[in-house]
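Q:
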Amino acid sequence: MEFDAIVLGTGLSESIAAAALSKAGFKVAHVDNNQYYGGDEASLTLDELAEWADIRSGRKDTPSSDYLATQKERYTSISRSESIPPQSRQYAVSLAPSVVPSIGSHIDALVASGVSRYGSFKLLEKVAVYDRPGFVQSVPGSKEDVFKSKALSLIDKRRLMRFLMFAAGEFEDKKELEGKEQMPFSQYLREVFSLNGKAVNAIAYAIAFCTTGEEHTLPVLRRIRQYLRSAGRYGASPFLVGHYGGLGETAQGFCRTSAVKGGTYILGRRVLSVKASSLADSLEVEKAASDSAKTAARYEVQLEDIDEQLTSTILLSAPDYVRPSAPITSSSHDVPSVSHAHYPIARCIAILEHPLVFTPVDAPEETPAPEVEESIEGVEDELSDKPAPPNYEVDTALLVFPPGALPDGSTTTAAHALVTGEASMSAPRGKYILNISLPLPTSDPSSPKELLRPYLEAALSLAISPSSPETTPTRPLFTVFYTHNPPSGAAPPSTPSDSGAILTPPPTQLLPAIADVATENAEAMFWKAVEQLKAAGVRRSVVKESYKKSDGEEEKVYDERKPEEIDSFWPPLDATEEDSSTADEW
Amino acid sequence: MGPALDIPLHVKYIQSLGENKDDLVYHLTAHLRMNAVYWGLTALLIMKHKDALDRDEMIDFVMSCWDDEAGGFGAHPDHDAHIHSTLSAIQILVMQNALDRVDVPRVVKFILSLQQDSGVFAGDQWGEIDTRFLYIAVNALSLLGHLHELDVEKTVGYIRRCRNFDGGFGAREGAESHASQVFVCVAALAILDRLEEVDQDMLGWWLAERQLPNGGLNGRPEKLEDVCYSFWVLSAMSILNKVPWINAEKLTAFILSAQDPEQGGIADRPGDQPDVFHTIFGVAGLSILGYPGLDDLDPVYCMPASVIESLGLRKGWTALPRRQV
Amino acid sequence: MHNVKRVRYSAEALAAQRQREKARLKEFQSLTGEVLARKQRKDHSREAFDLTTRLLQINPEFYTIWNYRRLVLLNGIFVESTPTQINDVLSDDLSLTTTLLKQHPKVYCIWTHRQWCLAQVPDGPTASDRNGWRQAYWNKELFVAEKMLEADPRNFHAWTYRRYVLAQMPVKRPETADLAFTKRKIESNISNFSAWHQRSKTLTSLWDAGKLDKARSLEEEFDLVRNAMYTDPNDQSVWIYHRWLVGPGEFVIGDDKGLLEREVSSIQELLDIQPDSKWCMESIVFYKKLLLRRHGDSLGDDERGKLNSECEELLGSLQSVDPDRHQRYVDLSRNHHIV
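Residue numbers (this note's numbering), protein chains in the order written: chain U, 1 to 586; chain X, 587 to 911; chain C, 912 to 1250.
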């Protein structure tokens, strides 16, 4: 079986690259060792998650492969609850918890590729900073938050707004930044904007999502600007959370787009070997088939239980399938928006049976109703003048622990806990997935379970309402703890790094940046692939039209095109969108 | 330096509007046809191209919209009479010097029949009320020479009740100030010689604050700019003799930047699809701003100043002096 | 996803769209011809009614068709119907306008028809509960108006309609409820001047009726507006509202001079930390001039001279801070000396 490109791994970057190549008219084979789409960004049911953990912890024996060997180095210190709760198939647990900014390269790619038609999203309801058991601090991330806040003095409001306006604007040439681009960000907030501790924590960890306060000011400001500008595009929150487990579902959407354009999908097969034939050999073959438009395939991939080899002109791969080489150097197309240190992450996935309640420390006292002299009898509840008693329950939200937030927690690093429930289609009714991540800049002998226990306890303290303290703290129904290590050069896959294969550059673990970085990486891979294919003289064939035959089968008519220049990551869409009703249901 | 006003292109654009009969949009806007003809004709006159559209054809069209049952004009043949299309019809006929075609007493009766007890006017027999309809009635009666038949106190009383603390006026009692409603109320008061009802300093301030940093004008506080407010805001300022309170140069540049350099016409803002509505109000704004090569526009009636002067209806407004090229 | 950005389409896709449009044009034209012909011959049948529905779904701005639809209802359908049936028909018409408003929230004809429908609601459902249907509708109407304001908080059609509904409800809501509503709107966007405006109307009405302690609620309003000023000193809605609160004299309570001086110094504090704030300067000038106008007699010559020269100085700064309105500050400066 011969292809223009073989793509190994269905992680988000590889899936986006595969979709873009298929849409550009190249013949793509897309392969994954796992039974599911998404690779390290997959969304799994609880059964799948348990199996995922057991395979990587060695608790479950599976035939060895290069992929598995690398994965076992990637995911270490895994421990999980013994029993799996019922309705396990109704969960979609993300291995890469993330929120997606409403403005950025990922959303652009979703829209331009048409994949946004498959997936759906929910706005992140709230971001809050953990304060003390049972209470959080609201994050004054917008003008309205600042205006409403009862915790801030008038002068603090002004200072905070000054910073937010500055950060939302074109600050690169402003005098407030001059010479301070590399200053540690928390210091910058204190010195230049006279902000105090709580405001600094909120901005650095709950608006900019810093890992530590030492991050350099300029890149952090750029991030904040993106997020501030994202607010209001789809609603008050700057962030979206993908339905059905987030990025795994999105990766699958890109794979579907690739398949619609003729991409071939092979999942759940071990990759037995990846070989790059030498340039000389290829030239030989090319001579033999001199009339063929195609140049000879340079890569040969052997899969488990498939006799015929897959062959291709180029190879794209997640680093776990081939020996890593130097990351792709960026061309002018792609300047990743985040430069970020790659730390191991201690992770905890916990299933809760109570929602988190984000009761703010400055929750208003029961305000006395204004003097009402008229009766409100006969008026339905929804029309009543009394606002419903404040309900701080959240379904899809983010809890932030700044460094030093917990006595037993990290004093240098921030942890983030994403909770997703039924409203994001990731858990059955009344159940919630809590996903805690704590970056580990320095090696720590403690297990992830020990490191994250205090964070889990703190989060659970929010799962009981402070107004009914007699309730006993909730226990998670299920937990998995593990350490997620960054890609390293230690694994020994069989393909040499100098084979010219295009390897996925390293991802980030910064919650709101994962999807954008993966997209920017995919675009870099795409252009590299286009360059190699062009050099090899590969022609593109584009689906000219496709229509349903009377028997329901889809018929595709291909249009062989000249190797004209590809001028964009995504070609124009094939059909104008029908006016989609944008109104909410009511 | 931005672009200049491309008069020949806009003339062509207005001429082309009647020729797009294969476009869905043309037919979906039939209910605005009479207004569109008035907008197009006024724009042509201000651009000094009176003869770009055929006079007889236009008058025939207007007369074909007469609704004999109601005694007013509809927007299109077979459409119902409405006070808005009736004013447009009168304005077209006045500009074409063909008012003799109209049964003036019947039209006056139709208009007066729409005044409500509160003093405001309805648009037609179905009772929608708005200060826009009040202005239309005052304007039309004045053009027809029948203003003496109007109950002025009742009419002014309604406008007074629509005045807000910011000096502006809303569409009805209790409604927020809005630049287009400010125009209709101020212009109606100007026609009725009752400008003392306006808090001129306060309203002048409110109007001046409609200009945004990009030069364009918005219609209400904290809203986006739109070319049509170039007329609504400027006309009111011109009637209050306060045009210098905004930056004319920046507004001129903004209006010009909303021209469509390919098919002609002016849009609500740069990069958008043009239409005849924004074309006339862009050109009208430029005329008040003294843009060279244009004729004077009377901001009270939104018709050529020379036409209003010849009827003896000119009020004490001032525009910026006409600049030379 | 909502609000998806404009996307590039291929030439084929655009051609296909033009083709679809051609078909729609043909349908629209023949439908228009048919409906207008029926209108001409005063056809008030159910069939004619259904045709107007189809036509209005394509073009809800076609006012003549709405008029015809109402004639069909009045002269045809209502004549043969029981009150319950009339109520059902009106209920359907309201649903139709709800659907249309979601797509066309600013089309006058739709709002007008909605209001007309409500005026037609018959007594019922029973002789003892004559307002039952009406009250149910009015509650729903308030809900719809407020939903429209969720979609676009500045939609003046929806604000006007909401005011109309509140005034018409057979069982009135307490006006104080409107204070909670406008506060919610302001808290979700302090630039929503429509909400500030509505708030000014409601408060005036409550004060005039003696339903609210004016002195206390005024202080609450000053506190609210001060928070807004410090949050965003460039937001003009806030300053316009403040100007209303201080009032041109008719809202004077207690120590008016003290109040004016207090507000001037509060704004001065903000100006001290925000020295380029145009609105602070502009407002200080306005209030100092007001002070001179209202209390000039009780001020000494020195005090008056000081206020005048302070205004003069600020007007000078305003000319450079806000050059677009330069001439206004020059004019104000010219006729500045009031007393």
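C-beta atoms are modelled at their ideal positions from N, C-alpha and C, and glycine is treated no differently.
Would you mind telling me which residues of chain X sit closer than 7 angstroms to Tyr1141 of chain C, beta carbon to beta carbon, in chain order?
A: Neighbours of Tyr1141 of chain C on chain X: none; closest Cβ ~17 angstroms, over 7 angstroms.
Q: Let me know the secondary structure DSSP gives Leu591 of chain X once reduced to three states.
A: Residue state, collapsed to three classes: coil.
Q: Hey, would you say Ile777 of chain X sits closer than 8 angstroms to Asn827 of chain X, going by beta carbons?
A: It is not a contact, given that the beta carbons lie outside the stated cut-off.
Q: Between Gly119 of chain U and Gly253 of chain U, is the Cβ-Cβ spacing less than 8 angstroms?
A: In this structure, Gly253 of chain U lies closer than 8 angstroms to Gly119 of chain U by Cβ.
Q: Could you tell me whether the Cβ atoms of Phe147 of chain U and Pro512 of chain U are closer together than 8 angstroms?
A: Contact flag unset, no.
Q: Starting from the Cα of Ile941 of chain X, find the closest Cα among X:Leu775, X:Ile722, X:Asp608, X:Ser873 and give me that residue.
A: Lying before the first or after the last residue shown, residue 941 of chain X is absent from chain X, which here runs from 587 to 911.
Q: Just to confirm before moving on: does the CB-CB distance between Leu1182 of chain C and Leu1203 of chain C stay below 8 angstroms?
A: Not in contact: Leu1182 of chain C and Leu1203 of chain C (Cβ atoms no closer than 8 angstroms).
Q: Reducing DSSP to helix, strand and coil, say where Gly1216 of chain C ends up.
A: Three-state result, Gly1216 of chain C: helix.
Q: Mind checking who Tyr1043 of chain C pairs with in its DSSP beta bridge?
A: It is Gly, not Tyr, that sits at residue 1043 of chain C in the sequence shown. Answer is none; Gly1043 of chain C lacks a bridge partner.
Q: Helix, strand or coil for Tyr188 of chain U? Go by DSSP, reduced to three states.
A: DSSP places Tyr188 of chain U in helix when its eight states are reduced to three.
Q: Consider the Cβ of Lys1112 of chain C: report whether some Cβ of chain X lies at a distance smaller than 8 angstroms.
A: Yes, contact with chain X.
Q: Would you mind working out which of U:Lys143, U:Gly248, U:Arg453 sits nearest Pro97 of chain U, comparing C-alpha positions?
A: The shortest C-alpha separation from Pro97 of chain U is found at U:Gly248.
Q: Any residues in the segment 129-146 of chain U with a beta carbon nearer than 8 angstroms to a beta carbon of chain C? Which ones, in chain order?
A: The segment 129-146 of chain U vs chain C, Cβ under 8 angstroms: Lys143, Glu144, Val146.
Q: I'd like to know whether the C-beta of Arg619 of chain X is nearer than 8 angstroms to at least one C-beta of chain C.
A: No, no contact with chain C.
Q: Would you call the CB atoms of His216 of chain U and Met425 of chain U closer than 8 angstroms?
A: Contact flag unset, no.
Q: Quick check on Gly857 of chain X: does DSSP put it in helix, strand or coil?
A: Three-state DSSP puts Gly857 of chain X in coil, outside helix and strand.
Q: Could you check whether Leu316 of chain U and Ala17 of chain U sit closer than 8 angstroms to each other, using their CB atoms as the reference points?
A: The answer is yes: Cβ separation under 8 angstroms.
Q: Can you tell me the Cα-Cα spacing of Leu803 of chain X and Val813 of chain X, whole angstroms?
A: Cα to Cα, the separation comes out at about 7 angstroms.
Q: Just grab the DSSP bridge partners of Ser1002 of chain C for me.
A: Beta-bridge pairing links Ser1002 of chain C to no other residue.
Q: Name the chain U residues that come within less than 9 angstroms of Gln1185 of chain C, Cβ to Cβ?
A: What Gln1185 of chain C touches in chain U: Arg158, Arg162.
Q: Quick one, which of X:Ile600, X:Asn606, X:Ile669, X:Asp653 has its alpha-carbon nearest His635 of chain X's?
A: Of the listed residues, the one whose Cα sits closest to His635 of chain X is X:Ile600.
Q: Indicate whether the contact test is met: 3 or more Cβ pairs, each with one atom in the segment 923-930 of chain C and one in the segment 902-911 of chain X, closer than 8 angstroms.
A: No, because fewer than three Cβ pairs between the segment 923-930 of chain C and the segment 902-911 of chain X fall closer than 8 angstroms, the two stretches do not touch.
Q: Just to confirm, is the Cβ distance from Asn1146 of chain C to Ile1101 of chain C under 8 angstroms?
A: Before going on, a small fix: residue 1146 of chain C reads as Asp here, not Asn. Yes, these two residues count as a Cβ contact at 8 angstroms.
Q: If distances are taken between C-alpha atoms only, which option among X:Asp710, X:Leu793, X:Pro594 comes closest to Ile825 of chain X?
A: It is X:Leu793 whose Cα lies nearest to the Cα of Ile825 of chain X.
Q: So that I know if they touch, is there some Cβ in chain U lying closer than 8 angstroms to that of Ile969 of chain C?
A: No, its Cβ sits nowhere closer than 8 angstroms to a Cβ of chain U.
Q: Which residues in chain X have a C-beta closer than 9 angstroms to the C-beta of Tyr1019 of chain C? List them in chain order.
A: Residues of chain X passing the Cβ test: Gly709, Glu714, Asp716.
Q: For Asp1167 of chain C, which of helix, strand or coil comes out of DSSP?
A: The answer is helix: DSSP assigns Asp1167 of chain C an H, G or I state.
Q: Can you tell me which of the three DSSP states Arg1236 of chain C falls into?
A: Helix, per DSSP.
Q: Looking at chain C, which residues of the segment 726-757 of chain X have a Cβ within less than 9 angstroms of any of its Cβ atoms?
A: Taking 9 angstroms as the Cβ-Cβ cut-off against chain C, the residues of the segment 726-757 of chain X that qualify are Asn750, Phe751, Asp752, Gly756, Ala757.
Q: Using the C-alpha atoms, what's the distance from Glu808 of chain X back to Ala535 of chain U?
A: Cα to Cα, the separation comes out at about 54 angstroms.
Q: By the 10 Å Cβ neighbour count, where 16 or more other Cβ atoms means buried, how is Pro1186 of chain C classified, buried or exposed?
A: Pro1186 of chain C should be labelled exposed.
Q: Quick one, which of U:Glu181, U:Val517, U:Thr359, U:Gln532 has its alpha-carbon nearest Ser461 of chain U's?
A: Closest by alpha carbon: U:Thr359.
Q: Taking the alpha carbon of Leu1090 of chain C as the reference point, which residue from C:Met1080, C:Trp1118, C:Ile1184, C:Val1000 has its own alpha carbon closest?
A: Selected option, being the one with the closest Cα: C:Trp1118.
Q: Using 10 angstroms around the beta-carbon of Ser1039 of chain C, count the other beta-carbons present and answer buried if the total reaches 16, otherwise exposed.
A: Burial call: exposed.
Q: Which whole runs of the beta strand (DSSP E) in the segment 41-83 of chain U are 3 residues long or more, in chain order?
A: For the segment 41-83 of chain U, whole beta strand (DSSP E) runs of length 3 or above, ordered along the chain, are 75-80.
Q: Using the three-state DSSP reduction, which class does Ser1107 of chain C fall into: helix, strand or coil?
A: The sequence shown places Trp at residue 1107 of chain C, rather than the Ser named in the question. Reduced to three states, the DSSP call for Trp1107 of chain C is helix.
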